[in-house]
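Position in the sequence shown (first residue = 1) + 5 = the numbering used here.
Yeah, the Cβ is synthetic: ideal placement off N, Cα and C, and Gly gets one too.
Report on the structure given below.
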Amino acid sequence: MEIALRLLDSKVVMAVAVVFFLRLVFRLYNALIVKPRKLRQMLKEQGIDGPHQTLLLGNIREIRKARTSSSPKAAPGVKPIHHDCAGALFPFFDQWRKQYGEMFVFGLGTTQIVYVTQPDVVKDMTTCTSLDLGKPSYQHKERGPLLGQGILTSNGAVWAHQRKILAPELYMEKVKGMVGLVNESTATLVKSWKSLVED
6 MEIALRLLDS
16 KVVMAVAVVF
26 FLRLVFRLYN
36 ALIVKPRKLR
46 QMLKEQGIDG
56 PHQTLLLGNI
66 REIRKARTSS
76 SPKAAPGVKP
86 IHHDCAGALF
96 PFFDQWRKQY
106 GEMFVFGLGT
116 TQIVYVTQPD
126 VVKDMTTCTS
136 LDLGKPSYQH
146 KERGPLLGQG
156 ILTSNGAVWA
166 HQRKILAPEL
176 YMEKVKGMVG
186 LVNESTATLV
196 KSWKSLVED
């Protein structure tokens with residue numbers, strides 16, 4: 006009888022472990038594969054296409070390949086001169102913009118990023134006060150300890166509250182009244198930097 010109970014207990018424990026494992030696999034599959042594909046498909050239906058992505062890496066391989074192949078080669082001892090910094094640093098953006106238009110989507114890992122260069126769309130996005138359009142959660146996770154819950158990193162009701170507090174202080178009349186204070190603070194800061202450089 007005791008052996009049968011032990012065998013039954015081990016089967017129950019094994020069944021529970023299998024259920025938890027399958028649930029974990031399902032959640033990972035949903036987060037890493039299904040959600041990015043759904044988002045990309047929704048963007049494609051709205052006319053925003055982009056380069057083909059690999060399963061978990063997105064476009065990271067293409068980005069690395071483009072950066073290594075486009076790095077400028079100069080004669081030994083001569084530094085190359087570039088005035089197109091963005092093209093030199095991010096050649097893949099130029100290539101994709103020519104191929105997919107002024108707005109396209111690409112992936113860094115499983116994170117989908119929409120690249121926008123149309124000034125009117127950028128203006129609409131930055132001036133939008135909808136609580137549905139916010140900063141990505143990964144930005145808050147990475148920069149949260151540095152920037153806190155300020156207007157740069159917050160979303161939703163927290164962002165609306167921060168903006169409501171900050172907006173009156175940035176009216177033109179108040180900013181004009183602070184020009185002297187800003188100049189004074191800047192001069193003090195520059196003097197302290199000069200003393201550090203000279204020492």
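TODO: Would you kindly work out how many angstroms separate the C-alpha atoms of Gln104 and Glu189, rounded to a whole number?
DONE: 49 Å
Open item on the list: So, with DSSP's three-state summary, where would you put Thr115?
Closed with: Coil, per DSSP.
Open item on the list: Let's test the definition: count the other Cβ atoms within 10 Å of the Cβ of Asn64 and tell me whether it reaches 16, buried, or not, exposed.
Closed with: buried
- [ ] Measure the alpha-carbon distance for Ile68 versus Leu201 and round it to whole angstroms.
- [x] 40 Å
Task: Inter-residue spacing [alpha-carbon to alpha-carbon] between Lys70 and Val126 - done: 30 Å
- [ ] Thinking Ile38 and Val119 are a contact (beta carbons under 8 Å), I'd like their distance in whole angstroms, please.
- [x] Wrong, their Cβ atoms sit about 20 Å apart, outside the cutoff.
Open item on the list: Within 10 Å of its beta-carbon, does Gly55 have 16 or more other beta-carbons around it, so buried, or fewer, so exposed?
Closed with: buried
- [ ] Within the same chain, show all residues whose beta-carbon is closer than 8 Å to that of Pro173, passing over the 5 residues directly before and after it, in chain order.
- [x] Lys179
Task: Rounded separation between Val121 and Gln51 - CA only - done: 14 Å
- [ ] Quick one: measure Cβ to Cβ for Arg66 and Pro96, integer angstroms, because I've assumed they're closer than 8 Å.
- [x] The Cβ separation is near 15 Å, so there is no contact.
- [ ] Specify the secondary structure class of Lys95 as computed by DSSP and reduced to three states.
- [x] The question names Lys, but residue 95 in the sequence shown is Phe. Coil, per DSSP.
- [ ] Give me the Cβ distance between Met160 and Lys181, rounded to the nearest whole Å; I'm assuming they're in contact under 8 Å.
- [x] Looking at the sequence itself, residue 160 is Asn, so the reference to Met does not match. That belief does not hold up - the Cβ atoms of Asn160 and Lys181 are roughly 31 Å apart, past 8 Å.
Open item on the list: For Ala91 and Leu27, what's the separation of their Cα atoms in angstroms?
Closed with: Each residue's Cα considered, the two are about 45 Å apart.
Open item on the list: Taking a contact to mean a Cβ-Cβ separation below 8 Å, would you say Gln123 touches Glu107 in this structure?
Closed with: yes
Task: Exposed unless 16 or more other CB atoms sit within 10 angstroms - verdict on Val18 - done: exposed
Task: Thr158 (DSSP reduced to helix, strand or coil) - done: coil
TODO: Compare the beta carbon distance of Leu62 and Gly114 with 8 Å and say whether it is the shorter of the two.
DONE: yes
Open item on the list: Among Tyr176, Thr131, Cys133, Thr116, whose alpha-carbon lies nearest the alpha-carbon of Ser142?
Closed with: Thr116
- [ ] Look up Tyr120 in the DSSP assignment and give the residues it is bridged to.
- [x] Phe109
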